Amino acid sequence: MGAMDTRGQTFVQRLSCVPESNGGLTAFRRAALEWVSEHGFPTTRDEAWKYTQVSPILDIPFTPAQQGMDLGLSPGWIDQHAGRLGGVRLVFINGFFAKGLSSFEDIPQGAKITNLASVEGSFSQSLKDQPNAFTALNTALARDGAFIQIPKNVVLETPIHLVFVSGTESEPTMSHPRSLVVAEAGSTATVVETHLGAATGTGRYLSNAVMDVALGEGAVVTHIYVQNEAETAFHLSHLGIRPGAGSRVTTHSVALGGRIARQEVKVMFNAPGAQAVLNGLYMPMNKQHIDNPTAIEHIAPQCESRTLYKGVIGGQGVGIFDGRVVVHPGAIGTDSSQANKNLLLSDTAQANTRPRLEILADDVKCAHGATVGQLDDQAIFYLRSRGVPVQVARDILTLAFADEMLNLIPMTALRSHVRERAMLRMRAEAQEVIG
Amino acid sequence: MIERSILYYYEVITSYGLGEVGQGVADAPMGTLQTDIREIANREYKYGFVTDLPADAVPRGLSEDVVRLISAKKNEPEWMLNWRLKAYRYWVQLKKSEAEPTWARVHYPPIDYQDIIYYSAPKPKKALKSLDEVDPEVLAMFNKLGISLAEQERLSGVAMDAIVDSVSVATTFKKKLADVGVIFCSFSEAVQNHPDLVQKYLGSVVPYTDNFFATLNSAVFTDGSFCFIPKGVRCPMELSTYFRINAADTGQFERTLIVAEEGAYVSYLEGCTAPVRDKNQLHAAVVEIVALEGAQVKYSTVQNWYPGDAEGRGGIYNFVTKRGKCAGARSKISWTQVETGSAITWKYPSVVLQGDDSVGEFYSVALTANRQQADTGTKMIHIGKNTKSTILSKGISAGFGQNTYRGRVRVGKSATGAQNHTQCDSLLLGSTCGAHTIPYIEVKNPTARVEHEASTSKIREDQLFYCRQRGIREEDAVSMIVNGFCREVFKQLPMEFAVEAQKLLSVSLEGCVG
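Taken in order, these protein sequences are the chains called G and V.
Counted the way our numbering counts, the first sequence spans residues 6 to 440.
Counted the way our numbering counts, the second sequence spans residues 79 to 592.
In structure tokens, the structure reads:
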């Protein structure tokens with residue numbers, strides 16, 4: 006990232022005002038904004054953004070989203086579009102907490118599940134470093150988000166569902182939800198994060214979300230992320246995970262929506278003996294561009310990471326997997342594997358994959374693999390010879406490819422909801438092929 | 079050294095750096111078969127001697143005048159000078175816009191391009207008739223390099239001409255080659271004698287605008303080799319070039335152009351060494367290969383530039399652009415490289431698979447020991463239908479070495495049925511080195527099949543234990559296991575090179591293990 010060009014400056018100026026907040030936080034936000042001015046926005050010359058151009062985003066005159074839009078939402082609509090999982094559900098509209106749409110059932114003793122703005126001083130617990138201009142913008146401009154704190158040794162039976170709905174009725178708007186999850190030693194929790202386009206006003210908006218997850222010693226956290234933004238929208242998200250000693254984190258990322266979407270997962274192994282499993286499925290169709298960067302830093306010894314991402318790419322879609330595993334000096338006993346598989350459904354689909362390994366310690370076991378291919382003609386022939394129409398045969402095989410990832414999602418209700426959404430995306434592709 | 083081959087020898091020699099004492103040993107000739115690596119007593123870089131020869135050099139620094147001067151010294155036609163000047167002007171622009179590549183995983187202080195001598199050739203300029211007339215110092219240098227007497231005789235024709243005025247003739251072999259129509263000569267000679275061919279193909283694979291270092295090379299390249307295999311000819315012997323940088327503060331910028339016409343075949347070998355110097359030297363070469371319909375070109379390199387000392391002082395910056403174009407259907411280009419030298423290697427021998435059913439191959443062993451850094455790999459650009467590429471890369475890191483595989487496989491929209499298989503393995507010897515694998519896979523055609531596999535590990539304890547249990551010393555066991563690790567690549571090398579490569583690897587690893 007170099008100094009900011011005029012386009013970047015105009016972009017930042019439109020967002021200008023840092024929200025007034027108490028004491029140290031304002032200074033913190035100002036510093037983040039200054040960081041953006043100093044470093045500018047990433048370009049394709051930055052290795053981490055090689056395949057994603059942000060200029061289409063910077064060209065749109067986004068202004069900060071305002072509080073109080075209802076966008077035609079009701080609890081029933083949310084049940085239908087985000088799934089009904091039972092348990093706690095926090096709903097945010099354009100980055101502002103919508104208490105009326107949220108429900109606080111069965112919060113276990115001692116657990117704190119609420120909106121971030123209501124918890125004093127919580128922002129400063131978040132990231133201090135700025136991985137890129139957009140996370141820094143989030144730090145500077147975030148208004149609200151979820152705050153989850155699971156006390157020591159508490160096991161949450163039901164998932165915590167966070168629903169972020171975005172939309173705009175006229176001007177292009179931008180929102181910056183910021184969430185924080187703290188799972189203390191020995192606790193267990195499941196967090197589901199759903200990003201959705203609103204029922205009405207699914208115009209051009211940008212949702213720029215950041216979530217930080219800190220795991221205490223031996224904690225177990227499952228994070229499921231379903232991104233189903235409007236196809237006219239832009240979505241950038243950053244999930245930062247800091248696993249404690251002996252803790253275990255599993256993430257499932259399902260990316261379906263957005264014109265340009267980028268969902269980054271970053272794991273920092275600072276304590277020994279931790280494990281991270283990163284699963285992902287992305288399905289860019291039509292003219293979608295979906296980028297999935299993962300960064301895993303093995304700093305402490307004896308940690309294990311497993312990454313498996315799959316892409317189903319149709320239409321003129323562009324699917325990107327950009328995995329990076331860094332094994333720092335001294336991180337002995339690291340065991341890391343990384344795999345990416347892509348299925349191209351159309352002549353105009355495009356897959357870019359870059360599984361990177363950077364290893365600076367010797368007593369390690371690291372492997373990675375990547376494949377790009379199409380549906381197996383013989384398998385299609387097999388199905389057709391048994392009377393299955395060609396499009397149905399293609400759908401069956403495509404779904405079978407995607408199902409490897411979908412089947413990993415825990416909770417039947419969520420799994421079937423996500424599968425349904427994924428099939429809707431496939432159908433969008435199928436219609437295009439037939440048409 | 080290589081009985082079947084013809085050897086060209088290029089060198090930049092000046093009288094700068096007088097009084098430096100070479101550290102080479104003359105008793106272990108490069109090409110002899112020695113099975114016991116223990117015999118190679120000297121752990122230091124073997125080819126690090128300096129030969130003092132009076133030289134003719136242009137002033138230090140780079141300017142349009144220097145480019146004109148180089149061209150004038152080589153008596154080049156106007157089109158060649160114009161091409162150089164276009165490249166120079168473009169390079170000045172690149173320099174201004176700070177286009178020197180920074181994406182590679184290598185670190186070095188900024189290069190002062192005005193502190194380099196861009197042209198340097200030995201002084202005496204008369205043609206020599208027999209070995210007796212050859213400067214004894216040159217002969218002594220050949221001895222140190224381990225080039226056999228018989229070979230020397232042939233060479234001194236070659237080499238002397240090459241050294242003296244960069245126009246080389248190996249009469250005996252030249253006749254044999256001429257009989258089948260093969261042209262193999264220095265680049266300068268080709269510019270004079272085959273201007274039509276040079277004009278047609280120069281820059282057709284690596285244009286002067288290609289990248290910072292290739293542009294610099296296009297402006298100031300001093301010599302190199304030119305090879306043309308006409309239609310349907312199978313080159314009767316392996317062709318070989320030997321590069322050496324002798325002078326201090328000089329950059330070496332050679333340019334190789336290989337053209338294989340329809341159905342032709344050639345196997346081409348390249349070797350490199352340089353003296354021990356405590357300053358870094360820049361080597362920015364360009365190799366272009368054109369393979370027309372049905373042609374096959376096999377290019378093998380054993381790169382053993384001076385790697386710098388154990389503390390990372392000195393050594394060659396090897397910033398090289400190598401690219402082949404499979405222009406015709408069913409053509410094939412194969413790169414094999416063994417990279418053991420250089421302080422920094424920045425090199426991506428690539429293949430543009432333009433013709434239908436064409437094949438690209440890349441086999442590489444890269445070793446980084448001490449403070450060496452290597453960022454190397456390949457690019458396979460699939461354009462034609464049913465094109466195939468294979469990448470096999472073995473990286474070995476020891477000491478404080480940093481070894482990066484960086485490879486791009488791109489399948490364009492038109493490349494129906496393209497296939498690629500990539501395998502990258504890294505071996506770590508010691509806990510202070512690094513091994514990095516950075517593949518870029520870009521696919522725009524659904525019928526393509528692209529696979530990439532990679533693994534990184536250290537030598538397994540049980541393998542070492544097995545060897546030691548049978549009385550093999552640890553260092554020998556490591557050397558043996560490393561050779562086994564590289565076997566698949568060595569298999570691709572011509573026999574003499576394979577032997578040399580194995581030995582180089584053992585020598586480079588000495589002192590790094592145990």
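Where a beta carbon is used, it is the ideal one built from N, C-alpha and C, also for glycine.
Note that this is a predicted model, so its numbers are computed, not measured.
>> Using a Cβ-Cβ cutoff of 8 Å, what residues of the region 522-533 of chain V are near chain G? List them in chain order.
In response: 522, 523, 524, 525, 526, 527, 528, 529, 530, 531, 532 and 533
> Which class does residue 140 of chain G belong to by DSSP, given the choice of helix, strand or coil?
Replying inline: helix
> Shortest alpha-carbon distance to residue 571 of chain V belongs to which of V:485, V:456, V:449 and V:416?
Replying inline: V:416
>> For the region 507-521 of chain V, list every residue whose C-beta sits within 9 Å of some C-beta in chain G, in sequence order.
In response: 507, 508, 509, 510, 511, 512, 513, 514, 515, 516, 517, 518, 519, 520 and 521
> Which bits of chain G does residue 536 of chain V rub up against, with CB to CB less than 7 Å?
Replying inline: 367 and 368
> With a Cβ-Cβ cutoff of 8 Å, do residue 380 of chain V and residue 346 of chain V count as a contact?
Replying inline: no
> Using Cβ-Cβ distances below 7 Å, what residues of the region 175-186 of chain V are close to chain G?
Replying inline: 181
> With 8 Å set as the bound, which would you pick, yes or no: does the beta-carbon of residue 10 of chain G sit closer than that to a beta-carbon of chain V?
Replying inline: no
>> Measuring straight from C-alpha to C-alpha, what distance separates residue 400 of chain G and residue 393 of chain G?
In response: 11 Å
> At a Cβ cut of 7 Å, what residues of the region 377-403 of chain G count as close to chain V, listed as they run along the chain?
Replying inline: 377, 378 and 379
> How big is the Cα-Cα spacing for residue 153 of chain G and residue 417 of chain G?
Replying inline: 24 Å
>> I'd like to know whether the C-beta of residue 291 of chain G is nearer than 8 Å to at least one C-beta of chain V.
In response: no
> Along chain V, which residues have their Cβ under 8 Å away from the Cβ of residue 352 of chain G?
Replying inline: 491, 523 and 524
> From residue 13 of chain G to residue 183 of chain V, what distance separates their C-alpha atoms?
Replying inline: 28 Å
>> If we define contact as Cβ-Cβ less than 8 Å, is residue 374 of chain G a contact residue for chain V?
In response: yes
> Between G:17, G:347 and G:431, which lies nearest to residue 146 of chain G when the distance is taken from Cα to Cα?
Replying inline: G:17
> To the nearest angstrom, how far is it from the Cα of residue 312 of chain G to the Cα of residue 420 of chain G?
Replying inline: 20 Å
>> With distance defined between alpha-carbon atoms, name the residue in V:156, V:560, V:194 and V:521 nearest to residue 357 of chain V.
In response: V:194
> Just to confirm, are residue 443 of chain G and residue 81 of chain G a CB contact at a threshold of 8 Å?
Replying inline: Residue 443 of chain G is absent from the structure shown; chain G starts at 6 and stops at 440.
> Helix, strand or coil: which one does DSSP assign to residue 364 of chain V?
Replying inline: strand
>> So if DSSP puts residue 305 of chain V in a beta bridge, which residue, or which two residues, is it bridged to?
In response: V:262 and V:336
>> Using only the alpha-carbon positions, how far apart do residue 441 of chain G and residue 325 of chain G sit?
In response: The shown model of chain G, from 6 to 440, leaves out residue 441 of chain G, and the question about it has no answer.
> Looking only at C-alpha atoms, which of G:407, G:398 and G:367 sits nearest to residue 510 of chain V?
Replying inline: G:367
> What residue ranges within the region 269-338 of chain G form continuous beta strand (DSSP E) runs of no fewer than 3 residues, ordered along the chain?
Replying inline: 280-287, 294-303, 309-318 and 323-332
>> What does DSSP give as the partner residue(s) for residue 401 of chain V in the beta ladder?
In response: V:366 and V:428
>> Extract the residue ranges of the alpha helix (DSSP H) inside the region 45-98 of chain G, only unbroken runs of 4 or more that lie entirely within it.
In response: 60-63 and 80-87
>> Does chain V have any CB closer than 8 Å to the CB of residue 137 of chain G?
In response: no
>> Please list, in chain order, the chain V residues whose beta carbon lies closer than 7 Å to that of residue 356 of chain G.
In response: 521
> To the nearest whole angstrom, what separates the beta carbons of residue 190 of chain G and residue 223 of chain G, a pair I think is in contact under 8 Å?
Replying inline: 6 Å
>> Just verifying my parser: in three-state terms, what is the DSSP assignment at residue 157 of chain V?
In response: helix
> Do you know whose CA, among G:280, G:346, G:238 and G:362, lies nearest residue 256 of chain G's CA?
Replying inline: G:280
>> DSSP three-state label for residue 174 of chain V, please.
In response: helix
> Cα separation between residue 96 of chain G and residue 115 of chain G?
Replying inline: 21 Å
>> Which residues in chain V have a C-beta closer than 8 Å to the C-beta of residue 361 of chain G? List them in chain order.
In response: 514, 515, 516 and 517
>> Quick check on residue 283 of chain G - is its C-beta less than 8 Å from some C-beta in chain V?
In response: no
> Out of G:306, G:263, G:305 and G:317, which has the shortest C-alpha to C-alpha gap to residue 285 of chain G?
Replying inline: G:317
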